[in-house]
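Below is one structure, written out as structure tokens; the observations come after it.
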Amino acid sequence: MYVATVDAGGTRTRFELRGPDGTVRCSHAGTTCHPAQVGLDAMARMLREGVERVASAAGAPMASTAVSLGVAGYGPGREGAVETALEDAFGDAAALLVASDAEVARVGALGGADGVLVVAGTGSIAVGSFDGLPVRVGGWGWPVGDEGSGAWLGREAVGLVLRRHDGRDPAGPLLDAAVCEALAVDRPEAIVGALAASRDQRRLLARAAPAAVSSARGGDGGAQALVDRAAAELARLANRAAEGHPGAPVSWTGGLFSAGDAVLGPFKAALDDTLVPQAPQGTPLDGAWMRAVRALNL
């Protein structure tokens, strides 16, 4: 049996087609298909098209292909609607497995073992599993949650730039210029107009997160304080998810962590002393494959 593995995150969607031995035969990447951004019908269509693309390229008929998906937007109160849309789209597949993008990332990062994964991309969440019982902390979405995420950090950076523009906070030209460049505006007062004109404010604000990190590295104290706060919020997610499990491994994934020690350093420092930071062992696509292997006895 072939397995199509999918990591459908809030920013992009990645597809792989693996043979019975787990070897990747074909891969493809596309834009996000988050149901909150494109709708359920478009989500299902985009996922179907991506799976068909890699399956066709590898010569794998759908009837012999299991589909293992990790989907952003698949969470409390939304599982049924997402599952129905995907069951309709993949009714001819050999099997269909649906989980959140965070869950497949957790399985991949921890090699299927117990522990906690913190995801910090455009949004944020901590997911864990202990003795077969799932744990979820955060992930409530924009704008009411997603603390420590790219969108959260970008929003905080924009707020600081605008306060500096008013004279309410001390000036800091590094962050101010970097945020304006990231949002493609020529002056701070133009930021509000850019946000008002955006069809996806969350993703636009997330573009300012790397500006905050680079400015912190350059010595902007205000930017450093924001990055430290983001890291502390992410550690709070992990600490709560692992509560009662001393010695639990805590791993991480997502674009914000790609900044390396600038984020990982304060994140690890804010973790509970009883927890064990562990670099990711595998990718979300590896996690989707592992879920299929276990569920289907491959």
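Residue 284 in the working numbering sits at position 274 of the sequence shown; the count goes up by one each step and never skips. Ideal placement from N, C-alpha and C gives every residue a C-beta, glycine not left out. Nothing here was measured: the structure is a model prediction, and the numbers come from that model.
Interface flag, residue i vs chain B, CB-CB below 8 angstroms
{"i": "GLY131", "result": "Looking for chain B here will not work: only one protein chain is present."}
8 angstroms Cβ cutoff met for residue i and residue j
{"i": "ASP124", "j": "SER139", "result": "yes"}
{"i": "ALA109", "j": "ARG227", "result": "no"}
{"i": "ALA251", "j": "VAL145", "result": "yes"}
{"i": "LEU172", "j": "LEU236", "result": "no"}
{"i": "VAL128", "j": "VAL260", "result": "yes"}
{"i": "ALA91", "j": "LEU27", "result": "no"}
{"i": "VAL168", "j": "LEU215", "result": "yes"}
{"i": "ALA305", "j": "VAL16", "result": "no"}
{"i": "ALA82", "j": "HIS44", "result": "yes"}
{"i": "ASP210", "j": "GLN47", "result": "yes"}
{"i": "VAL126", "j": "ALA221", "result": "no"}
{"i": "LEU266", "j": "ALA130", "result": "yes"}
{"i": "THR293", "j": "GLY118", "result": "yes"}
{"i": "VAL147", "j": "LEU281", "result": "no"}
{"i": "ALA54", "j": "GLY158", "result": "no"}
{"i": "ALA204", "j": "LEU193", "result": "yes"}
{"i": "LEU308", "j": "PRO30", "result": "yes"}
{"i": "ALA14", "j": "ALA95", "result": "no"}
{"i": "THR132", "j": "ARG212", "result": "yes"}
{"i": "LEU274", "j": "ALA233", "result": "no"}
First and last residue of the uninterrupted alpha helix (DSSP H) at residue i
{"i": "SER225", "result": "219-227"}
{"i": "VAL195", "result": "No alpha helix (DSSP H) contains VAL195, which DSSP labels as neither H nor E."}
{"i": "LEU370", "result": "This structure gives no information on residue 370, because the portion of the chain shown stretches from 11 to 308."}
{"i": "ASP282", "result": "No alpha helix (DSSP H) contains ASP282, which DSSP labels as neither H nor E."}
{"i": "GLY342", "result": "Any property of residue 342 remains undetermined from this structure, which presents the chain solely from 11 to 308."}
{"i": "ALA216", "result": "211-216"}
Enclosing beta strand (DSSP E) for residue i [first to last residue]
{"i": "THR23", "result": "22-28"}
{"i": "ARG146", "result": "143-148"}
{"i": "SER159", "result": "That residue, SER159, is in no beta strand (DSSP E); it is neither H nor E in DSSP."}
{"i": "CYS36", "result": "34-41"}
{"i": "ALA136", "result": "134-140"}
{"i": "ALA130", "result": "125-130"}
Residue nearest to residue i in terms of C-alpha spacing, selected from the options
{"i": "ALA104", "options": "GLY169, TYR12, GLY148", "result": "TYR12"}
{"i": "ASP176", "options": "ALA194, ALA272, GLU199", "result": "GLU199"}
{"i": "PRO290", "options": "LEU281, THR263, VAL64", "result": "THR263"}
{"i": "ARG63", "options": "TRP150, VAL48, PRO86, ARG24", "result": "ARG24"}
{"i": "ALA218", "options": "PRO45, ARG304, LEU170, LEU247", "result": "LEU170"}
{"i": "CYS36", "options": "LEU184, LEU295, ALA115, ARG213", "result": "LEU295"}
{"i": "VAL137", "options": "ARG116, GLY155, LEU120", "result": "ARG116"}
{"i": "PRO183", "options": "GLY231, GLU253, ASP17, PHE277", "result": "GLY231"}
{"i": "LEU9", "options": "VAL154, GLY122, ARG22", "result": "The first residue shown for the chain is 11 and the last is 308, placing residue 9 beyond what the model contains."}
{"i": "LEU106", "options": "PRO86, VAL77, GLY85", "result": "VAL77"}
{"i": "ASP141", "options": "GLY60, HIS255, ASN307, PRO287", "result": "HIS255"}
{"i": "SER225", "options": "GLY101, ARG197, GLU191, ASP283", "result": "GLU191"}
{"i": "VAL21", "options": "ALA233, GLY32, THR42, THR33", "result": "The sequence given here has Thr at residue 21, not Val. Ranking ALA233, GLY32, THR42, THR33 by Cα distance to THR21 puts THR42 first."}
{"i": "LEU244", "options": "PHE100, ALA52, LYS278", "result": "LYS278"}
{"i": "VAL79", "options": "ALA99, VAL114, ALA52, ASP238", "result": "Per the sequence presented here, residue 79 reads as Leu, with Val not at that position. Cα-wise, what sits closest to LEU79 is VAL114."}
{"i": "ASP51", "options": "GLY275, GLU97, VAL34", "result": "GLU97"}
{"i": "ALA99", "options": "VAL303, LEU57, GLU166", "result": "LEU57"}
{"i": "GLY19", "options": "VAL34, GLN234, GLY85", "result": "GLY85"}
{"i": "GLY160", "options": "ALA269, GLN288, GLY40, ALA181", "result": "ALA269"}
{"i": "LEU285", "options": "VAL303, ASP186, LEU274, GLU253", "result": "GLU253"}
{"i": "ASP271", "options": "ASP283, VAL303, ASN249, ASP238", "result": "ASP238"}
{"i": "PRO287", "options": "ALA181, ALA187, SER208, LEU120", "result": "LEU120"}
{"i": "ASP102", "options": "VAL61, TRP150, GLY87, ASP179", "result": "VAL61"}
Cross-strand partners of residue i (DSSP beta bridge)
{"i": "TYR12", "result": "THR75"}
{"i": "ALA18", "result": "THR23, VAL81"}
{"i": "ALA105", "result": "ALA76"}
{"i": "SER110", "result": "VAL81"}
{"i": "PRO287", "result": "VAL260"}
What are the start and end residues of each continuous beta strand (DSSP E) run of 3 or more residues lying completely inside the stretch 230-275, in chain order?
Listed in chain order, the complete beta strand (DSSP E) runs (minimum 3 residues) inside the stretch 230-275 are 259-263.
Enumerated in chain order, which unbroken segments of the alpha helix (DSSP H) with a length of 4 residues or greater are wholly contained in the stretch 46-96?
As far as the stretch 46-96 is concerned, its whole alpha helix (DSSP H) runs of at least 4 residues are 50-68.
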